[in-house]
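Be aware that the sequence shown starts at 1, since it is given in my numbering, and climbs by one per residue.
No residue lacks a Cβ here, since even glycine has one placed at the ideal position from N, Cα and C.
Just so you know, these numbers come straight off a predicted model, no measurement behind them.
To start, the structure under review is shown below, and the notes come after it.
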Amino acid sequence: MTGETTVRTAVRIHGRGPQPRAVGALLDRLRTRSGHLVVTGEPGLGRTTLLQWAARSFTAGPVLRLGARADRCAPVTAEDLLATLRAAAGDGPLLVCVDDAHLWDPPARAALGRAAALLRPADRTGLLLSVAAYRAVDQEYAHLPAVRLDPLTPPDADALLDDATGGTSDPAVRAHLLAEAEGNPALLLALVRRLTPAELRGHRPLPSPLADAGTLDEVAGGALTGLPPDARDLLLTVAAATRAPDTPDADADLVLDAVRHLRPATAPAPCLAPAPGLLALTEGRLRFHSPLVARTVHATAAPDHRRTAHRALAEAMEAAGRRLPALLHRAWSLTGARGAPALADRLAARAADEATASHRLRATAYARAAELSADGPARAERYTAAAEQELLAGRPDRARPLLATAGGCAAPAVVRGRAELVRGLTELRDGPVGDAHQSLLLAASLLAAEAPGQAATATMAAADAAWAAGDLPACLAALGPRPHPPDRSPCPRRGDRPRPTAAVPSSDPVHDHRTGMRALLEGRLDRAAAPLGQVVARAGTEERPEGLLRAAAAALLLGEVDAARRAGARALAAARHLGSDTLVPQALEYLAYAELRAGRHPQARAHAEEGLRTALRAGQRNTAAHHRAVLALAASIEDEPDAVARHVTAALATARRHGLAQAATLAEWAAARADLGRGRPLDAADRLGLLVLPGPRRGHFAVWRLAVPCFVEAAVLAGRHEDARSLLTDFAGWAAFGADPQAAAQLARCHALLARPEDADALYVGALAQHDEAGGDFERARTALLYGKWLRRRRRPREARDRLGAALAGFERCGAGVWADQARDELRALGAAPRASTRTGTLTRLTPQQLRIARHVAEGATNREVALTLAVSTRTVDYHLRKVFAALGVRSRLELARVVEQAEQGQRAEKTGAQP
């Protein structure tokens with residue numbers, strides 16, 4: 001250890017939402033009945049910290065802490081344990097925390113597992129166990145519910161590093177620390193402790209390797225105690241084999257063949273019966289239960305033994321025809337990091353040739369080739385190539401330190417341009433987009449002479465960065481000179497109709513995209529339709545995800561949402577097939593936007609939920625913010641105010657830090673639409689006014705018009721008619737633009753809201769007719785709802801009932817629960833409240849959270865008991881229960897229980913083919 005940095009004590013648990021909630025639910029449950037939970041995870045992920053947090057948080061009774069049993073001679077039984085626990089509990093609740101329960105001897109583990117099963121509900125005793133995940137789960141605990149601690153996401157690891165260092169680390173050092181820690185909090189803190197303050201601030205070179213044997217052994221070495229030499233040979237060979245990150249496991253036969261080369265010829269043949277507990281054997285493939293333990297095994301082995309293992313693997317892989325992994329293991333078998341230029345050249349050439357190999361494997365090969373290179377420009381080019389592959393693999397945390405290392409080598413302009421392109425794309429997805437814009441412009445200038453294709457890619461990415469920031473002049477500047485003189489206004493004048501202008505077919509899709517996008521932003525749809533249409537048409541023959549994503553983006557610009565959905569779906573499939581994990585969140589983003597524009601909110605939500613998970617895994621906070629904005633918009637039509645607030649808050653937090661005007665506008669629109677749906681037009685009008693009315697705080701240039709219909713509705717209800725009228729001319733131009741299929745019908749609805757009574761009727765009818773042409777249940781149902789309200793106020797109940805019934809059906813079809821409530825209220829005001837059906841479709845009116853609450857209440861649970869079970873507040877339960885009563889048309893818990901029982905009986909009857 002070389003360091004003297006003092007690590008600050010973390011003041012909060014980072015990146016642990018579901019796990020503390022599960023533990024908190026157990027603690028709350030102990031007030032009324034017993035419970036148990038196992039917390040599992042590999043070394044260093046915070047099992048002990050979570051148990052300590054639970055012990056501090058439990059205030060209903062005493063806490064009993066049991067560690068690993070040191071006295072292994074004294075037998076223990078389940079009955080003895082239960083007697084001890086009941087005596088400790090007395091008459092109140094008791095929490096028992098058992099850290100490292102896997103270290104108990106087998107009889108004690110059996111007793112502990114049986115005691116958990118024998119606990120009576122009335123005992124009010126909670127067993128909270130922590131079990132390491134570097135080995136198979138002990139069968140004694142397999143029947144207990146468990147939560148698993150996963151590595152921290154890049155943003156959470158970043159926050160922990162800030163807490164530990166006070167934000168004083170150099171950016172390049174920070175990138176190295178985060179990459180080496182791989183989301184393990186204990187390893188990250190150990191690495192910080194290893195560094196001196198000068199090293200942490202970038203004033204002195206970092207030790208190499210950063211995560212050395214001592215540091216890894218400090219975090220995970222306990223898993224390796226007591227292993228026999230034969231097992232260590234096998235473990236080292238598996239650890240060396242999985243270091244080439246083509247797959248997380250290794251072929252068992254190949255490993256055994258390599259182990260034979262490690263042992264004397266007279267030694268017995270290695271076997272896997274049984275496999276060491278640190279390994280899992282599945283369908284002929286071996287892997288470690290814990291990646292950190294695999295790293296520790298490799299790092300703590302004797303250097304000569306480690307090199308011999310790599311040499312043996314190289315020979316076995318060469319015999320199997322796996323040329324790139326074999327060459328990589330051959331490179332790892334060398335002594336020293338420099339002085340093998342011939343092997344470095346072969347390795348880099350093989351990485352370039354094997355385009356079908358995984359991005360991670362190619363990145364590792366390029367990085368090792370760079371380490372073995374003596375020539376500065378060659379090292380820079382190979383480190384840059386490794387960073388490009390890591391970015392494609394969805395690992396920007398690995399790309400950043402590679403770029404930093406490449407920056408320390410002399411390199412020609414084209415290599416520096418490639419490095420800036422990687423840096424800019426990384427920032428575009430996970431950093432301030434203004435910084436990304438400048439990096440990408442620099443990349444384009446450096447690449448222009450020798451790599452015009454990559455320069456064009458950098459230019460389009462710079463335009464994307466300006467688009468995300470809402471900077472229209474910068475976006476137009478990045479797209480290049482005007483191909484045609486633009487109109488003065490950003491949209492056609494009212495009554496204009498775009499006429500596609502013939503364009504010379506181009507073989508360059510990036511040029512077509514730039515030309516069409518610039519024409520579109522200048523208000524010339526007639527000149528944009530042809531080049532963008534060519535980009536969309538190429539999706540039929542395109543196989544690469546990058547080209548398909550371009551086609552999806554062009555289709556969205558043209559308002560061709562079905563084409564955007566098709567191209568986005570194909571881009572998603574292609575990215576997954578090629579292992580381009582960095583492009584998966586973007587493909588899901590385009591799919592979610594297309595579904596949202598088509599009014600398919602449930603589908604948009606499904607894609608955005610998956611996109612959010614993949615974006616966070618890939619360290620793309622900006623992409624995650626866009627997915628959160630889509631989720632907020634989807635939730636704004638449902639009856640989930642908590643979900644809207646959660647997603648809006650998270651999206652705006654990133655959007656404000658990183659300058660994401662588009663994500664911020666969508667999130668604010670979602671919050672306002674939720675206000676409007678819940679009958680708060682004043683709040684909605686205030687929010688939306690900032691987005692759509694002229695002024696410095698107007699929303700994103702390509703998004704704010706989408707929110708105009710919501711503002712007009714809210715403004716009319718709030719009595720702000722003149723503000724609403726002031727936007728209609730501009731919105732009419734947007735509708736004529738043709739990029740939004742719903743805009744024409746929405747414009748007619750806006751005119752109806754502001755029209756004189758004698759004109760409104762025909763305008764509403766015309767709006768509904770246009771909705772029928774455009775499609776989209778939600779927007780049509782909104783128009784029908786407003787028309788029904790207008791008819792009811794005009795004392796035309798029969799016509800109002802028809803329109804409101806159609807609105808209710810449309811809202812129910814697209815899952816717009818909060819808007820369906822408005823339609824039901826209007827029908828009740830007419831004396832035509834819909835009866836609660838007892839058929840199988842009744843419960844489909846409820847959101848998932850409402851359905852869970854309804855079922856618990858139907859079983860006789862109180863609101864407090866439901867809150868404890870679901871780990872929410874009683875106010876949340878009260879709120880949702882009122883909505884359940886309204887949705888099902890019931891007035892008491894008894895009626896609710898009857899409706900739930902009859903509906904579920906109907907579902908069971910349908911599954912068996914019987915009649916309910």
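Taking a contact to require three or more Cβ pairs closer than 8 angstroms, the stretch 122-136 and the stretch 285-292 qualify as touching. A straight-line Cα-Cα distance of about 36 angstroms links V131 and A858. The stretch 769-783 and the stretch 816-834 touch, with no fewer than 3 CB-CB distances between them shorter than 8 angstroms. Pairwise C-beta distances place the stretch 637-656 out of contact with the stretch 691-705, as fewer than three of them are shorter than 8 angstroms. Just measuring C-alpha positions, the residue of G44, A342, A598 and H856 sitting nearest L189 is G44. At a Cβ-Cβ threshold of 8 angstroms, L286 and V238 count as neighbours. Scanning T59, L51 and F58 for the CA closest to the CA of L66 turns up L51. Under the three-pair Cβ rule at 8 angstroms, the stretch 603-610 does not count as touching the stretch 412-427.
As the crow flies, the alpha-carbon of R798 is around 56 angstroms from that of P509.
Under the three-state reduction of DSSP output, G202 falls in the coil class, being neither helix nor strand. C271 counts as exposed, since fewer than 16 other beta carbons sit within 10 angstroms of its beta carbon. Beta-bridge partners of A146 (DSSP): V38.
When Cβ pairs closer than 8 angstroms are counted between the two stretches, the stretch 148-162 is seen not to touch the stretch 309-318, the count staying below three.
In the DSSP assignment, L224 falls outside any beta strand (DSSP E), carrying neither H nor E. Nearest C-alpha to G733 among R756, L706 and A468: L706. Between the alpha carbons of L447 and H647 lies a distance of about 39 angstroms.
With three or more CB-CB distances shorter than 8 angstroms, the stretch 554-563 counts as touching the stretch 734-753.
By the Cβ-count criterion, G90 is exposed, with fewer than 16 other Cβ atoms from all chains shown falling within 10 Å of its own Cβ. For T296, the three-state secondary structure derived from DSSP is helix.
Counting C-beta pairs closer than 8 angstroms gives fewer than three between the stretch 758-772 and the stretch 713-732, which falls short of the contact rule.
The C-alpha of G277 lies about 56 angstroms from the C-alpha of G776. Note: T282 is bridge-paired with R285 in the DSSP secondary-structure output.
Proximity of the stretch 18-35 to the stretch 199-210 falls short of the contact definition, fewer than three beta-carbon pairs being nearer than 8 angstroms. The beta carbon of G579 sits closer than 6 angstroms to those of S358 and H359, all from its chain and outside the five residues before and after it, given in chain order.
Within its own chain, the residues whose Cβ lies closer than 7 angstroms to the Cβ of P62, once the five positions on either side in sequence are excluded, are A88 and L94, listed in chain order. When the five nearest sequence neighbours on each side are left out, the beta carbons in the same chain lying within less than 6 angstroms of the beta carbon of V536 are those of A551, A554, A555 and A563, in order along the chain.
Within 10 angstroms of the beta-carbon of D675 lie 16 or more other beta-carbons, which makes it buried. Residue range T125 to A132 is occupied by the beta strand (DSSP E) that includes A132. The stretch 438-445 and the stretch 460-472 touch, with three or more beta-carbon pairs separated by less than 8 angstroms. The beta-bridge partner set that DSSP reports for V98 consists of L66 and L129. Around P432, the same chain offers H658 and G659 as residues with beta carbons nearer than 7 angstroms, after the five sequence neighbours per side are excluded. Within a 10 Å sphere around the beta-carbon of A349 sit fewer than 16 other beta-carbons, which makes this residue exposed. When secondary structure is reduced to three states using DSSP, A736 falls in the helix class. The beta carbon of A326 sits closer than 7 angstroms to the beta carbons of A314, M317 and E318 from its chain, once the five residues preceding and following it are set aside; these are given in chain order. Spatial neighbours of E182 in its own chain (CB-CB distance under 7 angstroms, excluding positions within 5 residues in sequence) are listed in chain order as P151. The continuous alpha helix (DSSP H) containing S445 extends over residues V433 to L447.
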